[in-house]
Amino acid sequence: MVGQRGNRSVMTAWLTATNHKKIGILYMTATGFFFLIAGVLSLVIRAQLAQPNANLVSPHVYNQIFTLHGTAMIFFVIAPFGFGLANFLIPLQIGAPDMAFPRLNAVSVWLFILGGLTVFSGVFAQGGGAFAGWTAFAPLSGIQIATGVGEDLWIIGLLMAAMSSILVAINFVVTTFLYRAPGMTMWRMPIFTWEMLATSLMILMAFPPLSAVLFELLIDRHLNGHFFDPSHGGNVVLYQHLFWFFGHPEVYVMILPYFGVISEIVAVFSGKPIFGYVGLVLSAFAIAGLSMGVWAHHMFTTGAVANGFFAGMSFLIAVPTGVKFFNWIGTMWRGSIRLTTPMLFTIGFMLNFLIGGITGVMIASPPIDYHAEDSYYIVAHFHYTLGGGSLFALLAALFFWFPKIFGVKLDERLGKWCFWCMLVGFNVTFLPMHLMGLEGMPRRVVTYPAVGDLPWLNLLATVGSGIMAIAVVLLVVNIVVSSLAREPVADDPWEGGFSLEWATSSPPPEFNFDQLPPIRSERPVWDMHHPELVTMQT
Amino acid sequence: MKTFVALFISSATFSASVCTIYWYSSHEYAGLLLLGLMTLAMSFAAGYAFLAERESHLAGDNPQMTHQQAAGEDLGIVTKESAWPIVVAFSVLWLLIGMVWSDFMIFTGVAALLIAVWRLGAESARISHRRIPAKDGGKDIT
Amino acid sequence: MVASLAELYPEVPFFIGYWLGKGCRRMPVLYPASLQAADLRGVWIIFSAAGLLVAIIVYALIFFSILRWRRRAHDSGVPPQFKTNASIEITSVVIPLIMVIGLFYISYVREGVVDFLKPAPYAVVNVRAFRWAWSFSYPGHGIVQAGTPQSQPTLVLPQGKMTQINLYSDDVDHSFWVPAFLFKRDALPGYTNHFDVTPTQLGAFRGVCSEYCGLDHAFMTFTVRVVPLATYDRWLASGGTAAL
Chain A
1 MVGQRGNRSV MTAWLTATNH KKIGILYMTA TGFFFLIAGV LSLVIRAQLA
51 QPNANLVSPH VYNQIFTLHG TAMIFFVIAP FGFGLANFLI PLQIGAPDMA
101 FPRLNAVSVW LFILGGLTVF SGVFAQGGGA FAGWTAFAPL SGIQIATGVG
151 EDLWIIGLLM AAMSSILVAI NFVVTTFLYR APGMTMWRMP IFTWEMLATS
201 LMILMAFPPL SAVLFELLID RHLNGHFFDP SHGGNVVLYQ HLFWFFGHPE
251 VYVMILPYFG VISEIVAVFS GKPIFGYVGL VLSAFAIAGL SMGVWAHHMF
301 TTGAVANGFF AGMSFLIAVP TGVKFFNWIG TMWRGSIRLT TPMLFTIGFM
351 LNFLIGGITG VMIASPPIDY HAEDSYYIVA HFHYTLGGGS LFALLAALFF
401 WFPKIFGVKL DERLGKWCFW CMLVGFNVTF LPMHLMGLEG MPRRVVTYPA
451 VGDLPWLNLL ATVGSGIMAI AVVLLVVNIV VSSLAREPVA DDPWEGGFSL
501 EWATSSPPPE FNFDQLPPIR SERPVWDMHH PELVTMQT
Chain B
1001 MKTFVALFIS SATFSASVCT IYWYSSHEYA GLLLLGLMTL AMSFAAGYAF
1051 LAERESHLAG DNPQMTHQQA AGEDLGIVTK ESAWPIVVAF SVLWLLIGMV
1101 WSDFMIFTGV AALLIAVWRL GAESARISHR RIPAKDGGKD IT
Chain C
2001 MVASLAELYP EVPFFIGYWL GKGCRRMPVL YPASLQAADL RGVWIIFSAA
2051 GLLVAIIVYA LIFFSILRWR RRAHDSGVPP QFKTNASIEI TSVVIPLIMV
2101 IGLFYISYVR EGVVDFLKPA PYAVVNVRAF RWAWSFSYPG HGIVQAGTPQ
2151 SQPTLVLPQG KMTQINLYSD DVDHSFWVPA FLFKRDALPG YTNHFDVTPT
2201 QLGAFRGVCS EYCGLDHAFM TFTVRVVPLA TYDRWLASGG TAAL
């Protein structure tokens, strides 16, 4: 196992760890626990919404549940799993012994873990936890209405997560630019590393405004501020501008690492180099740049923003995303496709994310958004991109890199069962939500009337969530059972890895590489295994 | 390294264009400030990148470089472990809670943070740098 | 009782058609209740058609690749290692770009039509949102009807005539959504929002608050009653007491 210490306890070793592999494992394990909690919360939501006019939980409890579910999934599961994976992989993929700033890395992970625990601890506060939604719009989140300390704990936890993300982004950028092995030019880096570079730039531009708006909220709440209080010259739309300037790049922070994951996996299991490498890199930065200019498409119905500008920019983002899709298909084209568990989740990603992307282009149009905004149509859209997209890619990454990280290969048969349950369960849950939204069901509602198709659509969605729960159980069982079986894992257990992490043992030694292969293309390990096919490349 | 420069120059140009077009379509101040600050940040990075690129000779940037040729290049610091990062995280949590709860917590939190940063600095003086050894591989030699 | 499953078969398409038809009838997008909604429906239909086309093409490409080039047990060697094709890559930028520009144009024009506040409305209603109900006042006629979370208020509108709605909020962000009109607008504290609506269908339509506003957000509903013009005028003249 990585870093066993003779005379120090294992716990001390982990609490004082600075090695990027340990920090990556800390990140990903913590997100695993937060995911299970957030997942249970979603099951409670679906249980409450299974029937109209139900009262399984009271409105106040329900409001805390959906607030915590959203906050946890966004800030403490999807995004940080990407950071953890990147922490583990980036130095390996570029041939470096560690990150540029190992102790700063450790600060990031502990800020993240403590921040998460702080947010979750809000449920024990007097008056309950935060209930203003993951967006916490002022004045709802102001001190007059959100009187309890639960909302403050939410703000503090998020401030810590924000600082954590900014610091880890700095680490990624510096490491990527400065610590590449000899021969590893920028244009030979794996796509995952490039996507993380684009993600890091978005983090650096987007998270400071989040910190600003959270501090302003704290000042309004406790220091007699009136940033968002119209009765004293403040402005509620200002909150939305600041929040969404962060909030929109945040969703791309939650998808770009996973675009990288998909690019890696689809190439390895098609047996071909990734198609359109340059296009994938340029589209990553096009998405990152454009994502900074679309924020007020979340504000079309306020009547207070320049809808045309934001609609135009939002439509443009569809183009680089489409480029990626065509490049992934081009990678599979005339390949030799192996349907392993990671590849199945990758294909599931493509099928699901396409739907999310299409509804995204639709709601980028203000006339359409006038009906869809704040309805279950939006809930469907973002679950298709973040759940059907990011979560599926997260699971693909988990199955693909688990052997490398832990020296344990997850069981393929259980993995495939997990995939099919997840694919069916996910679509049964979220496809009906498009119709719910179209028929007029708003979001963030504790219950709904027995009108139209809402009752049976909601019941169907609840059934789907149960199937997804089974998939998660299968995943946990898989991890436990495979870890107990403990069969040794080769350097390249998938027999076809391309990037440098597959050139070292599973798990890697402390400083990653005893020996590095020569780096003459974007697939150094493939070149090493297929010397007869290597041509001189830049 | 030319990629590094190109990246930030294009980002700065892009940000400046978006900011300008935004102002003309909306005359809205919050967005102007946010996009304007983004432009400044990217321009600063672009300027720095441009100046730094002239003196950079990274082994990683040379497509033909081998480990033998790159022997001696600095791979940065490598720390075995350190207790101070988790202390930093706890003191940040303490001082943020203090913002809501008590001034005493703010003062002690800031003090703890400063102590942790001081100790981290002291640690840095003792940390060795790894260098690329003469033969292929990444073993620590200093 | 059916003697065999075969007897059911002719019924199945009828049932599917019946339920689809019933379902469609409940879909405001297909049965708009105002002039503005009829305009907005056009955008929905065009975008949905474009989206469906893209989905079919991309799904076909994905499924085809998997089925055609799946690695079989007897396969050996490596597949062709091509990784770039300039014309395909450029096409994959240009065609979506053209599509997106076209869709933007359609969207922009339609939005302008719907958002433009036309002069001389036949009726004006001031809508006030507060935690957790709505209040409708008809200036000049002295009628104010406020609701509570337990009893939802009714907004009365004349069929075929343009009503201007002014939106205010007393406390937090709310949003005024009438699904039948395919339209919503936020009610924000410190702001006044205005929009026009010209209802075309008679009847009672559901209205909801669609910006989360706290505890009883789900119960902050209202009804929109669209009545014939003569009924509306009589109702106004009576100070809101005449039967509808």
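Chains as they are written, first to last, in the numbering used here: chain A, 1 to 538; chain B, 1001 to 1142; chain C, 2001 to 2244. Note that CB positions come from ideal geometry on N, CA and C, so glycine has one too. Note that the structure is a prediction, hence the values are computed from the model and not measured.
So with CB distances below 8 Å, who are the chain A contacts of residue i?
i	result
C/Thr2084	Phe275, Gly276, Tyr277 and Val278
B/Thr1066	Pro182, Gly183 and Pro518
B/Ala1070	Pro182
B/Asp1061	Arg180, Thr185 and Met186
Just checking residue i against the ligand FAD - is the residue's beta carbon closer than 7 Å to any of the ligand's heavy atoms?
i	result
A/Gly148	By its list of ligands, the structure shown contains no ligand whatsoever, and the ligand FAD lies outside what it can speak to.
Please state if the CB of residue j and the CB of residue i are separated by a distance shorter than 8 Å.
i	j	result
A/Gly122	A/Trp154	yes
A/Asp369	C/Ser2210	no
A/Ile78	A/Leu386	yes
A/Gly348	A/Phe430	no
A/Leu280	A/Asn327	yes
C/Gln2245	C/Pro2199	Any property of residue 2245 of chain C remains undetermined from this structure, which presents chain C solely from 2001 to 2244.
A/Thr331	A/Ser283	no
C/Trp2069	A/Gly115	no
A/Ala380	A/Thr346	no
A/Ile337	C/Leu2061	no
C/Val2058	A/Leu354	yes
A/Ser263	A/Ile203	no
B/Phe1008	B/Ala1052	no
A/Ala304	A/Phe228	no
C/Gln2159	C/Val2226	yes
Kindly indicate which residue of the options has the alpha-carbon position closest to the one of residue i.
i	options	result
A/Asn63	A/Leu140, A/Asn171 and A/Ile255	A/Leu140
A/Val428	A/Gly466, A/Val446 and A/Phe112	A/Gly466
A/Glu151	A/Val174, A/Ile170 and A/Phe124	A/Phe124
A/Met186	A/Val525, A/Asp527, A/Ser521 and A/Leu533	A/Ser521
A/Ile191	A/Thr16, A/Lys324, A/Asp98 and A/Gly289	A/Lys324
A/Gly356	A/Met433, A/Met343, A/Met299 and A/Lys409	A/Met433
C/Pro2179	C/Trp2019, C/Glu2011, C/Arg2041 and C/Pro2079	C/Arg2041
C/Pro2139	C/Leu2244, C/Gly2017 and C/Leu2236	C/Leu2236
C/Leu2167	C/Arg2128, C/Val2043 and C/Gln2036	C/Arg2128
C/Arg2234	C/His2141, C/Ala2146 and C/Val2172	C/His2141
A/Gly157	A/His297, A/Gly183 and A/Leu218	A/Leu218
A/Met163	A/Ile113, A/Ile143 and A/Arg523	A/Ile113
A/Leu85	A/Ala72, A/Ile23, A/Gln51 and A/Phe315	A/Ile23
What does the Cβ neighbour count give for residue i, buried or exposed, with the cut at 16 atoms within 10 Å?
i	result
B/Ala1070	buried
A/Gln537	The pLDDT assigned to A/Gln537 is 44, lower than 50, so where the model puts this residue is not dependable; a value taken from the coordinates is nonetheless given after this. Exposed.
A/Leu36	exposed
A/Met196	buried
C/Phe2063	exposed
B/Asp1103	exposed
A/Ile25	buried
A/His232	exposed
B/Ser1128	exposed
B/Thr1142	Low confidence applies to B/Thr1142: its pLDDT is 29, below 50, so where it sits in the model is not reliable, and the reading given next is rough at best. Answer is exposed; the Cβ neighbour count stays below 16.
A/Ala38	buried
C/Pro2096	buried
A/Ser9	exposed
C/Glu2111	buried
Which residues of chain B have a Cβ atom closer than 7 Å to the Cβ of residue i, listed in chain order?
i	result
A/Trp110	Pro1085, Ile1086 and Ala1089
A/Ile143	Simply none; closest approach about 11 Å.
A/Thr118	Leu1093
Please compile the residues from chain C whose C-beta is within a distance smaller than 8 Å of the C-beta of residue i.
i	result
A/Asp527	Within 8 Å Cβ-Cβ: nothing; A/Asp527 doesn't reach chain C, min ~11 Å.
Which chain B residues sit within Cβ distance under 8 Å of residue i?
i	result
A/Ile37	Neighbours of A/Ile37 on chain B: none; closest Cβ ~20 Å, over 8 Å.
Just to confirm the assignment: which complete alpha helix (DSSP H) runs, minimum length 4, are found wholly within the stretch 311-347 of chain A?
For the stretch 311-347 of chain A, not a single whole alpha helix (DSSP H) run of length 4 or above is found.
For the stretch 2151-2179 of chain C, list the beta strand (DSSP E) runs that are entirely contained and at least 3 residues long, ordered along the chain.
List check, beta strand (DSSP E) in window: 2154-2158, 2163-2169 and 2174-2178.
Select from the stretch 316-329 of chain A all residues with a C-beta closer than 7 Å to any C-beta belonging to chain D, and list them in chain order.
The structure shown contains no chain D; its protein chains are A, B and C.
My parser needs the alpha helix (DSSP H) runs of 4 or more residues fully inside the stretch 2074-2152 of chain C; what are they?
Correct list: 2086-2115.
Which full runs of the beta strand (DSSP E) of 3+ residues lie inside the stretch 2184-2209 of chain C, going along the chain?
Secondary structure remark: continuous beta strand (DSSP E) runs of at least 3 residues inside the stretch 2184-2209 of chain C, in chain order: 2193-2197 and 2203-2209.
Which runs of the alpha helix (DSSP H) at least 4 residues long sit entirely within the stretch 5-42 of chain A? Give them in chain order.
The qualifying runs are 10-15.
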